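Protein chains in written order, with numbering that gives the first Met the number 0: chain C, 0 to 247; chain H, 0 to 323.
Note that CB positions come from ideal geometry on N, CA and C, so glycine has one too.
As the structure is a prediction and not an experimental result, all values here were calculated from the model.
One structure is given here, and the rest of the page talks about it.
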Amino acid sequence: MSENSPIIEMRGVNKWYGNYHALRDINFTVNRGDKIVICGPSGSGKSTMIRTLNWLEAHQEGEIIVDGVHLHEKMKDIDKVRMEVGMVFQHFNLFPHLSVLQNLMAAPMWVRGIAKAEARETAMKYLERVRIPEQADKYPGQLSGGQQQRVAIARSLCMNPKVMLFDEPTSALDPEMVSEVLDTMVSLAQDGMTMVCVTHEMGFAKAVADRVIFMDAGEIIEENEPVQFFENPQNERTRNFLGQILQH
Amino acid sequence: MLYADTVTSGPLVHKSGTIIVLMVVVATLLFTLFNLTGTIFGELMRPVIGEPAESGLYGRFATGLVVAILFVLNIVLIGFLKFQFQVIIVWLQLLVLFLAFFYGFDLDFNFIRSKVWFMVSQGVFTTLYVSAISIALASVLAIVGAVAKLSSNGFAYAIASFYTSFFRGLPLLMQVYLIYLGLPQLGYVINAVPAGILALTLCYGAYMTEIFRAGIQSIPKGQWEASRSLGFKFGLTMRRIILPQSLPLIIPPTGNQFIAMLKDSSLVSVIGVWELMFLARTLGNKTFQHMEMLITAALIYWALSMCLELAQGRIERHFRTKSH
Ligand SMILES: Nc1ncnc2c1ncn2[C@@H]1O[C@H](COP(=O)(O)OP(=O)(O)OP(=O)(O)O)[C@@H](O)[C@H]1O
Ligand SMILES: [Mg+2]
């Protein structure tokens with residue numbers, strides 16, 4: 000497959016929670032190697048959208064195609080798709096009963112069937128990558144928030160995913176821990192990982208994003224390159240939103 | 000333990016108010032309810048009250064007062080000890096009181112001695128293996144039941160909720176009879192022991208279904224989402240992520256159920272399983288020494304339950320230290 004072929008496509012996607020129209024006619028494409036940042040006010044559907052990409056949430060209308068596979072209700076093997084799509088959550092969601100190392104080895108061993116020794120080697124490689132190899136034998140509850148989130152990133156990387164989804168990975172962290180997680184994400188971007196990030200860290204967006212998407216009320220309002228997006232926002236709502244978050 | 004504050008007001012039993020109230024209450028109770036002059040205490044008071052049997056109200060009052068003083072003194076002294084020693088001494092004292100109560104029944108200890116070994120070897124063995132097999136099978140049933148009750152499949156939910164409703168709603172004794180006497184009507188003859196195990200399994204499986212369901216439900220949704228997003232299938236998520244985390248919540252009530260089952264297994268004695276209760280009733284029958292056998296069986300049940308309590312405590316501590 001060529002460098003720029005799409006890994007994720009959404010075409011005319013609509014989603015309802017009961018009567019509530021959560022996603023309205025969403026169209027967008029992520030090419031391999033793209034870094035996309037999604038922002039928007041609370042309740043605008045950012046989480047909902049990113050969670051439809053590995054079908055933690057189902058959509059009702061339109062098409063979602065991930066790595067060439069159409070996601071729909073009757074599909075045989077959603078797990079095949081999910082193995083290739085890493086996801087990092089706001090609240091880390093590490094497995095508290097497993098040590099850090101076991102958290103990292105779990106999916107490769109149990110899902111991919113990789114041998115223990117090899118899984119351990121990969122796990123240690125990624126723990127070094129997120130710069131906490133010394134925490135390997137601790138339990139998640141013994142780590143700081145920033146460390147936990149870096150473990151969560153490493154856990155996803157251990158599955159060697161083709162694309163990584165981040166849903167507000169730093170918004171549950173104390174300010175001094177935000178940068179250690181962002182540094183990890185920046186270095187991941189520099190290594191060419193395909194990334195879709197919901198975040199309000201505009202510094203991160205300016206540094207690595209190829210495109211920034213602004214959502215409001217379940218719609219994509221604006222999509223542009225970071226420089227254009229921040230310096231010359233087209234839409235009134237985008238300007239208001241940027242005005243609010245850049246004040247702080 | 001409950002939350003222990005840093006500020007304490009000292010032992011309650013060292014406050015003069017408590018001591019006086021305790022003293023008055025105990026002395027009054029002893030004086031009004033019991034005539035202690037006929038006991039060993041009256042005998043010990045002979046230098047003060049003269050011939051105990053003839054000492055009348057004065058003797059009764061004096062003996063009651065002295066016993067009350069001894070009692071309160073005992074409590075005040077225990078108040079000075081450390082927690083562990085307090086527990087041990089109070090336990091022992093209660094045990095002595097309790098045994099003294101049984102001793103008062105004028106039991107035939109030779110008879111007990113001649114039967115106790117048989118009761119332990121035959122009865123305890125049967126009781127334990129019937130309970131152990133039943134609790135193991137009930138746990139399996141409970142996992143299946145819990146998953147069914149949480150599923151969105153109408154059939155699974157209906158069957159599981161019917162099952163828990165039925166077996167929690169009927170007296171266990173009735174279930175035992177229904178299975179033992181009812182199955183043969185359908186042309187399937189079942190022995191007493193399997194019938195007993197089946198009844199206990201079905202009944203406790205129903206209770207434990209609820210325990211497991213609550214345990215599974217208490218695990219945050221994020222654990223499912225993380226597992227599924229890594230490509231875990233349902234069974235793997237359940238086995239490796241959800242159940243291990245709900246164990247610390249499931250084990251205490253399950254231990255409770257096991258202890259209850261140990262004693263409820265006495266109900267299968269009605270269909271002639273040679274467990275403890277059955278032996279207690281039949282061994283005493285010939286010579287009309289029912290009390291001896293019942294008390295012996297009671298103490299054996301108690302001893303078994305205590306062993307289980309200790310085991311449960313250990314397992315709980317193990318899980319508490321593992322998951323922080
Ligand atoms: N499970 C659900 N059932 C019903 N409504 C939901 C559900 N999840 C989300 N919603 C609604 O959908 C809308 C979008 O929610 P979503 O979580 O995607 O917002 P968001 O942009 O991620 O907000 P935030 O920045 O606060 O995380 C909200 O109005 C929310 O109330
Ligand atoms: Mg969100």
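Interface residue (Cβ-Cβ distance to chain C less than 9 Å): leucine 235 of chain H is classified as such.
Annotation for methionine 86 of chain C: the continuous beta strand (DSSP E) segment containing it runs 84 to 87. The three-state secondary structure of tryptophan 301 of chain H, taken from DSSP, is helix. Contact between glycine 144 of chain H and threonine 62 of chain H is absent: CB atoms are separated by about 60 Å, not below the 8 Å threshold. Those residues that bring their Cβ nearer than 5 Å to a heavy atom of ligand 1 are C:Tyr16, C:Ala21, C:Ser41, C:Gly42, C:Ser43, C:Gly44, C:Lys45, C:Ser46, C:Thr47. Contact check between the region 256 to 263 of chain H and the region 126 to 137 of chain C: fewer than three CB pairs, one atom from each, fall below 8 Å, which does not count as touching. DSSP, reduced to helix, strand and coil, places cysteine 157 of chain C outside both helices and strands of the structure shown, so it counts as coil. Distance from the C-beta of aspartate 215 of chain C to the nearest heavy atom of ligand 2 is not below 8 Å.
Taking the Cα positions, phenylalanine 70 of chain H is about 16 Å away from leucine 32 of chain H. Scanning C:Pro95, C:Ile113, C:Met86 for the CA closest to the CA of alanine 225 of chain H turns up C:Met86. If you check the C-beta of glutamine 89 of chain C against ligand 2, you find a heavy atom less than 8 Å away. Near chain H, meaning a CB-to-CB distance below 7 Å, the residues of the region 74 to 99 of chain C are Asp78, Arg81, Met82, Met86, Phe88, His90, Asn92, Phe94, Pro95, His96. Within 10 angstroms of the beta-carbon of arginine 313 of chain H lie fewer than 16 other beta-carbons, which makes it exposed.
Here the alpha carbon of threonine 51 of chain C sits roughly 16 Å from the alpha carbon of lysine 161 of chain C. A contact is defined here as three or more CB-CB pairs under 8 Å, and the region 70 to 78 of chain C fails this definition with respect to the region 87 to 106 of chain C. The C-beta distance from arginine 59 of chain H to phenylalanine 30 of chain H rounds to 7 Å, short enough to fall under 8 Å.
Scanning its chain for C-beta atoms nearer than 7 Å, with the 5 sequence neighbours on each side dropped, one finds around isoleucine 111 of chain H the residues Glu291, Thr295, in chain order. In the DSSP annotation of this structure, the continuous segment of the alpha helix (DSSP H) that includes isoleucine 87 of chain H starts and ends at 82 to 102. Proximity of the beta carbon of glutamate 167 of chain C to ligand 2 is indicated: a heavy atom of the ligand is located closer than 8 Å. Only exposed fits glutamate 127 of chain C, as fewer than 16 other CB atoms lie within 10 angstroms of its CB.
Counting along the chain, isoleucine 212 of chain C sits inside no alpha helix (DSSP H); it lies in the beta strand (DSSP E) bounded by residues 210 to 215. In this structure the region 16 to 25 of chain C does not touch the region 186 to 193 of chain C; the number of beta carbon pairs closer than 8 Å is below three.
By the neighbour-count criterion, in which a residue is buried when 16 or more other Cβ atoms sit within 10 angstroms of its Cβ, valine 36 of chain C is buried. The Cβ atoms of phenylalanine 213 of chain C and phenylalanine 228 of chain C lie closer than 9 Å to each other.
For the 9 Å CB-CB criterion, glycine 122 of chain H and alanine 191 of chain H do not form a contact. Taking the Cα positions, histidine 13 of chain H is about 26 Å away from phenylalanine 40 of chain H. At least one heavy atom of ligand 2 lies closer than 8 Å to the C-beta of valine 197 of chain C. In the three-state scheme derived from DSSP, where H, G and I count as helix and E and B as strand, asparagine 92 of chain C is classed as coil. Sequence-distant Cβ neighbours of tyrosine 203 of chain H in its own chain, meaning closer than 7 Å and more than five residues away, are Ser133, Ile134, Ala137, Gln256, Met260.
Glutamine 148 of chain C is positioned such that its CB atom lies no closer than 9 Å to that of phenylalanine 94 of chain C. Think of a sphere of 7 Å around the beta carbon of isoleucine 240 of chain H: the chain C residues whose beta carbon falls inside it are Phe94, in chain order. For methionine 158 of chain C, the chain H residues whose C-beta falls within less than 8 Å of its own C-beta are Leu229, Gly230, listed in chain order.
DSSP places lysine 205 of chain C within a helical segment (H, G or I) once states are collapsed to three.
Spatial neighbours of isoleucine 218 of chain H in its own chain (CB-CB distance under 7 Å, excluding positions within 5 residues in sequence) are listed in chain order as Ile241, Gln244, Ser245. The residues Ile25, Phe27, Ile212, in chain order, have a CB closer than 7 Å to that of isoleucine 219 of chain C in the same chain once the five nearest residues on each side in sequence are set aside. Less than 9 Å separates the beta-carbon of isoleucine 178 of chain H from that of leucine 201 of chain H.
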